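Take a look at the structure below.
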Amino acid sequence: MMAALDMDAHAKVQGPVQHFPSACMTVARMHGGQSRSTQDELAEEVPVALEYNGVSHAVMLATPADLEEFALGFSLSEGIVASPAEFYGVEIEHAASGITAHIDLAAGAFMRLKERRRSLAGRTGCGLCGVDSLAQVVRPLPWLAPTRALSGPAIRRALAEARAQQPLNRITGATHAAIWCGRDGRPRAAFEDVGRHNALDKLIGGLHLAGADPADGFCLITSRASVEMVQKAATVGIAAMVAISAPTALAVRTALGCGLTLVAFARGDDFVAYAHGANIAMESA
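In my numbering, the protein residues as written are 1132 to 1416.
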C-alpha cells in the first residue's frame, strides 16, 4: 500500500520539476547468445495524489500525461461529483516525489465526499483499493437506455484503427488505452496509461471537456473488462464497451444489471457479446 505524499519533503523541492510519460534507458539486449548495449524506451509510472479542497483523498500510480482529464474523469466516474459543474478546476503540481492534483470542488460535492471518506491509496490504477466496506464494491448504477451506437462493422473498424491511436504503447509496450469511437467505429479520442482504470478516467474527462455525448458512441479498451471498468463507464452514461481481452463474471452481471452493452475478446473479425447483445447491429455501421 502506498501512503500519501510527504508534503514537507514536497515543499522542499527546489527549481522546476517535470515528469514525462516515458524515459530512455540503457539496457543489455540478448540475441543468439550475444549481448549488446542499446537504448530502450520505458513507460513512466508516477505517484499522483488527488486532493479535494486541500484534503488528500487518493494516491494512484499513473502515466504523467493528460492529468487534468484524469482528475475530472476520476471525479466523475467515482461519483465524487455528480456533474462537471461541481468540478471547479484543478492545479497540477510536479515535485521530485510525485505529482499532486489540487482539485477545487463545489461545497455540496465536498460535503458528500467527507461523509463518504473513501480512501483509495493503492497500486497501479487499482480501482477498489481501500474501500471501507463490501457495500461499496457493488455500487448503485443508473439504468442505461438501449444503445444503437454499436455494430459489427463499427467494432471491426475500431479494432483495425486502434493501434494508430497508441503512440506511447508503440514505443514502450507497457500501456493500456481507452478509445472513444463514433457510431461508424472511427476513433474520435484516445488516452493511454499504465493503468487501465486511469486510461478510462482520462477518456471520461476528455469527453466531458470536449462536450461530447457519452451515449453517442462506444468505448474500446485494450484490456480486460473488470467490474470497475463497467462501473466507471455506466456512472457517466457510456452505454457500450468493447474489450480486447476477457470480461470477469462480476463485470458481466453488472453490465446486465445496468443496461450496458458489453463486448469482449474483440480481435480481428471476431468478438463475443456478453451483455445486451441484441443492441448490436450486425450488418451496418
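Backbone N, C-alpha and C define an ideal beta-carbon position, used for all residues, glycine too. If you're wondering where the values come from, they're calculated on a predicted model, not measured in any experiment.
### Message
At the level of alpha carbons, what is the spacing between Val1186 and Ala1227?
### Response
Within the sequence shown, numbered from 1, the residue matching residue 1186 stands at position 55. Within the sequence shown, numbered from 1, the residue matching residue 1227 stands at position 96. If you take the alpha carbons of Val1186 and Ala1227, they lie about 21 Å apart.
### Query
Sorted by chain position, which residues of the same chain lie with C-beta nearer than 6 Å to Ile1335's C-beta, five sequence neighbours on each side aside?
Reading the sequence shown from its first residue, position 204 is the one you call residue 1335. Excluding sequence neighbours, Ile1335 sits near Gly1204, Leu1207, Ser1208 and Val1367.
### Query
Under 8 Å between the Cβ atoms of Gly1229 and Ala1180?
Numbered from its first residue, the sequence shown carries residue 1229 at position 98. Numbered from its first residue, the sequence shown carries residue 1180 at position 49. Result yes, Cβ atoms of Gly1229 and Ala1180 sit closer than 8 Å.
### Task
Kindly indicate which three-state DSSP category Gln1362 falls into: helix, strand or coil?
Counting from one through the sequence shown, the residue named residue 1362 turns up at place 231. The answer is helix: DSSP assigns Gln1362 an H, G or I state.
### Message
Please report the distance separating the alpha-carbon of Asn1184 from that of Arg1167.
### Response
As a position in the sequence shown, residue 1184 is number 53, starting the count at 1. As a position in the sequence shown, residue 1167 is number 36, starting the count at 1. In a straight line, the C-alpha of Asn1184 is about 51 Å away from that of Arg1167.
### Task
Please classify Gln1296: does DSSP put it in a helix, a strand, or coil?
Against the sequence shown, residue 1296 aligns to sequence position 165. Reduced to three states, the DSSP call for Gln1296 is helix.
### N-terminal and C-terminal residue of the beta strand (DSSP E) that Leu1393 is part of
Reading the sequence shown from its first residue, position 262 is the one you call residue 1393. Taken as a continuous stretch (DSSP letters only), the beta strand (DSSP E) holding Leu1393 covers Thr1392 to Arg1398.
### Query
How many angstroms separate the CA atom of Glu1200 from the CA atom of Gly1337?
Position 69 of the sequence shown, counting from 1, holds the residue named residue 1200. Position 206 of the sequence shown, counting from 1, holds the residue named residue 1337. The alpha-carbon atoms of Glu1200 and Gly1337 are separated by roughly 5 Å.
### Cβ neighbour criterion (16 or more within 10 Å) applied to Phe1151
Against the sequence shown, residue 1151 aligns to sequence position 20. Under this definition Phe1151 is an exposed residue.
### Query
Could you give the distance in angstroms between the alpha-carbon of Asn1410 and the alpha-carbon of Glu1172?
Walking along the sequence shown from the start, residue 1410 turns up at place 279. Walking along the sequence shown from the start, residue 1172 turns up at place 41. Going by the C-alpha atoms only, they are around 41 Å apart.
### Query
Would you say Ala1364 and Met1372 are within 8 Å of each other, going by their C-beta atoms?
Taking the first residue of the sequence shown as 1, we reach residue 1364 at position 233. Taking the first residue of the sequence shown as 1, we reach residue 1372 at position 241. Their beta carbons are under 8 Å apart, which means Ala1364 touches Met1372 by this criterion.
### Message
According to DSSP, simplified to helix, strand and coil, what is Leu1351?
### Response
Here residue 1351 corresponds to residue number 220 of the sequence shown, with the count starting at 1. Strand, per DSSP.
#### Entry: Cβ-based burial, Glu1246 [other Cβ within 10 Å; buried from 16]
What you label residue 1246 is simply residue 115 of the sequence shown in a count that begins at 1. Label assigned to Glu1246: exposed.
### Task
Less than 8 Å between the CB atoms is what I'm expecting for Phe1322 and Asp1197, so what's the real figure, rounded?
As a working mapping, residue 1322 is identified with position 191 in the sequence shown. As a working mapping, residue 1197 is identified with position 66 in the sequence shown. Yes, Phe1322 and Asp1197 are in contact; Cβ-Cβ is about 6 Å, under 8 Å.
### Task
Kindly examine the ligand ADP and report whether one of its heavy atoms sits closer than 7 Å to the Cβ of Ala1370.
Summarising the ligand content, the structure contains no ligands, and the ligand ADP is consequently not present.
### Query
Do Gly1283 and Cys1312 have their C-beta atoms closer together than 8 Å?
Numbered from 1 along the sequence shown, position 152 holds the residue referred to as residue 1283. Numbered from 1 along the sequence shown, position 181 holds the residue referred to as residue 1312. Cβ distance not < 8 Å, so Gly1283 and Cys1312 don't count as in contact.
### Straight-line gap, Arg1314 to Thr1278 (C-alpha atoms, nearest Å)
As a position in the sequence shown, residue 1314 is number 183, starting the count at 1. As a position in the sequence shown, residue 1278 is number 147, starting the count at 1. Each residue's Cα considered, the two are about 10 Å apart.
### Query
Would you report the Cα separation of Ser1376 and Ser1354, rounded to the nearest angstrom?
Counting from 1 along the sequence shown, the entry for residue 1376 is found at position 245. Counting from 1 along the sequence shown, the entry for residue 1354 is found at position 223. Taking the straight line joining both Cα atoms gives about 5 Å.
### Query
What number of angstroms, rounded off, separates the C-alpha of Ile1234 from the C-alpha of Leu1281?
Against the sequence shown, residue 1234 aligns to sequence position 103. Against the sequence shown, residue 1281 aligns to sequence position 150. Roughly 35 Å between the two C-alpha positions.
### Query
In terms of alpha-carbon separation, which member of Tyr1405, Pro1345, Thr1385 and Leu1391 lies closest to Ser1214?
Position 83 of the sequence shown holds residue 1214. If we check each option's Cα against that of Ser1214, Pro1345 comes out closest.
### Message
Classify Met1191: buried if its beta carbon has 16 or more other beta carbons within 10 angstroms, exposed otherwise.
### Response
Position 60 of the sequence shown, counting from 1, holds the residue named residue 1191. Buried is the call here.
### Task
Name the residue from Cys1155, Val1148, Phe1402 and Gly1164 whose alpha carbon lies nearest to the alpha carbon of Ala1285.
Taking the sequence shown and counting its residues from 1, one reaches residue 1285 at position 154. Comparing alpha carbon positions, the residue from Cys1155, Val1148, Phe1402 and Gly1164 closest to Ala1285 is Phe1402.
### Message
To test your reading of the DSSP string, which unbroken alpha helix (DSSP H) runs of 4 or more residues are found completely within the region 1186–1245?
### Response
1198–1208
### Task
Flag this pair as yes or no: are the beta carbons of Pro1378 and Ala1356 separated by less than 8 Å?
For the purposes of this step, residue 1378 is taken as the residue at position 247 of the sequence shown. For the purposes of this step, residue 1356 is taken as the residue at position 225 of the sequence shown. Yes, they are a contact pair.
### CB of Gly1239 within 8 Å of CB of Glu1217, strictly
What you label residue 1239 is simply residue 108 of the sequence shown in a count that begins at 1. What you label residue 1217 is simply residue 86 of the sequence shown in a count that begins at 1. Their beta carbons are under 8 Å apart, which means Gly1239 touches Glu1217 by this criterion.
#### Entry: N- and C-terminal bounds of the alpha helix (DSSP H) containing Ala1380
Indexing the sequence shown from 1 puts residue 1380 at position 249. Ala1380 -> alpha helix (DSSP H) spans Ala1380 to Cys1389.
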